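Residue numbers (my numbering): 5 to 329. C-beta atoms are modelled at their ideal positions from N, C-alpha and C, and glycine is treated no differently. Please read these numbers as outputs of a predicted model, since none were measured by experiment.
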Amino acid sequence: MFCVKINKKGATMSIRLGYACINSTLSSHKPRVTTNRTMIKRTFLAKGLPYVSELIEKNTEDLLKILQWNEEHGITLFRMSSDITPWASKYRFEELPGYEKILSNFQKAGNFALAHGHRLSFHPGAFCCLASPREKVVQNAIIDLNVHGKIMDMLNQPRDHNAKINIHVGGAYGEPTVSIERFCKNFDRLSEATKTRLTLENDDKKNMYSVKMLYEGAYKVLGIPIVFDYHHHKFCAGGMSEHEALEMAASTWGNIIPNCHYSESQCIEKNIKCSPTAHSDYVYNKINDYGLNLDVCLEAKAKELAVLKYREMFENHEIALRNVV
DNA sequence: ATAGGTCAAGCGAGG
DNA sequence: CCTCGCTTGACCTAT
5 MFCVKINKKG ATMSIRLGYA CINSTLSSHK PRVTTNRTMI KRTFLAKGLP
55 YVSELIEKNT EDLLKILQWN EEHGITLFRM SSDITPWASK YRFEELPGYE
105 KILSNFQKAG NFALAHGHRL SFHPGAFCCL ASPREKVVQN AIIDLNVHGK
155 IMDMLNQPRD HNAKINIHVG GAYGEPTVSI ERFCKNFDRL SEATKTRLTL
205 ENDDKKNMYS VKMLYEGAYK VLGIPIVFDY HHHKFCAGGM SEHEALEMAA
255 STWGNIIPNC HYSESQCIEK NIKCSPTAHS DYVYNKINDY GLNLDVCLEA
305 KAKELAVLKY REMFENHEIA LRNVV
């Protein structure tokens, strides 16, 4: 079924664009506006929770500022940075001296998002391996994921995949079928706040997880929706075309708008030798939605500027054309 | 103020 | 064996 969204100007569009973690415009302001204040281990050990609390208070204040900037620029899809709460797997938020303020900041930001129809998400790090054969690694992954679930709760976000916490399976260990079974077993150990929001993304390495493998190994077992990454699919297609893989991923979302990632290769953009999986600053091609209604997070180094540029290249142009016709 | 080296965690790919 | 890439450049010290 084809759904059409109407934006404020009354134009039709079937892709909502967003970006990840950093607003480059605001982070170059003085004083800078960022949610990415963090610290190295030595500083964490030396300064402890009071300093952590101080940074999180600033980060959470700035989250609201970024969302306000997004609202002013018509961007309603945003992936939050896990750096917003540095070292959060090592303490409980309630232990922080500024906890009340932090909770309040989170609530303000989350309520702003709800009030203006913004969709927020997380993408916890590559170190988060729920499929690991090593129990200690799994325990760390569970703690880290549950921190993200807790933050989504503090943000008053729904306990469903609108407020997604997206990860990769984390490792195939040469036996992907066995490893994704282990992933499913460990999924049960997560908190409700996390389980209800968790999604899985296809990998960019051919010995890891394609959309089809995620579908068979995790969606059919647990109902976990699949985030389709256009760029990754090029390196791990699992025998499917882009269209087929996107359709399959989109079918896992029920009544929630499917979330996708889109990026392009830096070596092509810059005409240099580099890893083909490294991301470009901007994106240059029109994203094919194959007639689906999608939320697409641009993974481009220029961040929000890449969203604005994409719109200039494609959406404004289309609107202009439509007005002519 | 800025440059340069360094930085929690896991895994897989490539040299 | 080492480095890179990944959710992301930011932190910290010396100058």
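- The residue among 115, 227, 137 and 149 with its C-alpha nearest the C-alpha of residue 129 is 149.
- Secondary structure at residue 286: coil, using DSSP grouped into helix, strand and coil.
- Judged by their CB atoms, residue 250 and residue 294 are nearer to each other than the 7 Å cut-off.
- By the neighbour-count criterion, in which 16 or more other beta carbons inside 10 Å mark a residue as buried, residue 288 falls on the exposed side.
- In terms of CA proximity to residue 124, 84 leads the group 312, 33 and 84.
- By the beta-carbon neighbour count (other beta carbons within 10 angstroms, threshold 16), residue 161 is buried.
- Exposed is the label assigned to residue 292, since fewer than 16 other Cβ atoms lie within 10 Å of its Cβ.
- Relative to residue 187, the option among 74, 217, 106 and 312 whose CA is nearest is 217.
- Excluding its 5 nearest sequence neighbours in each direction, residue 63 has C-beta neighbours in its own chain below 6 Å: 39, 41 and 88, listed in chain order.
- In this structure, the CA atom of residue 256 is about 20 Å from the CA atom of residue 189.
- Unbroken alpha helix (DSSP H) stretches of 4 residues or longer found wholly inside the stretch 70-111: none.
- When only Cα atoms are considered, residue 204 and residue 105 end up about 33 Å apart.
- Remark: C-beta atoms of residue 110 and residue 169 do not approach each other more closely than 7 Å.
- Per the DSSP secondary-structure output, residue 301 pairs in a beta bridge with 22 and 265.
- The Cβ neighbour count for residue 131, taken over all protein chains shown within 10 Å, is under 16; the residue is labelled exposed.
- Beta-bridge partners assigned by DSSP to residue 233: 265.
- For residue 184, DSSP records no beta bridge to any residue.
- Between residue 232 and residue 208, the C-beta spacing is not below 7 Å.
- Listed as beta-bridge partners of residue 125 by DSSP are 83.
- Cβ contact annotation for residue 262 (same chain, cutoff 6 Å, sequence separation greater than five): 254 and 298, in chain order.
- A straight-line Cα-Cα distance of about 8 Å links residue 54 and residue 102.
- Excluding its 5 nearest sequence neighbours in each direction, residue 159 has C-beta neighbours in its own chain below 6 Å: 110 and 114, listed in chain order.
- Inclusion of residue 197 and residue 157 in the CB contact set at 7 Å is warranted, their separation being smaller than that value.
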